[in-house]
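Quick notes on the structure that follows.
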Amino acid sequence: MAAATSTKPSLESLQLQGRVAIVIGASRGIGRGIALRLASLGAKVVINYSSNSVQAEVVAEEINSACPEKKAPH
């Protein structure tokens, strides 16, 4: 049996350098995970939240500590 190969690029190969992502609900749950993932792929992330500014700050600090050269003012 031959192994099947996909012609679609993997998520790891996508370069998001120079892109901006706006993540709604980024302070917790799925939105938090998406924000962290997009940042790890090089995107600048706008963190949006509706009620938990403390958690939003935690996510921002986590992103900024992983990528200090991309640190933006709050």
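Each residue of the sequence shown is one higher than the one before, counting from 0 in numbering that gives the first Met the number 0. Yeah, the Cβ is synthetic: ideal placement off N, Cα and C, and Gly gets one too. Only a predicted model underlies this, so the values are computations on that prediction, with no experimental measurement involved.
In this structure, DSSP gives residue 20 an extended state, which the three-state scheme calls strand.
For residue 51, the secondary structure class from DSSP, reduced to helix, strand or coil, is coil. Around residue 24, the same chain offers 30 as residues with beta carbons nearer than 6 Å, after the five sequence neighbours per side are excluded.
In the DSSP assignment, residue 46 is bridged to 22.
Under the three-state reduction of DSSP output, residue 31 falls in the helix class.
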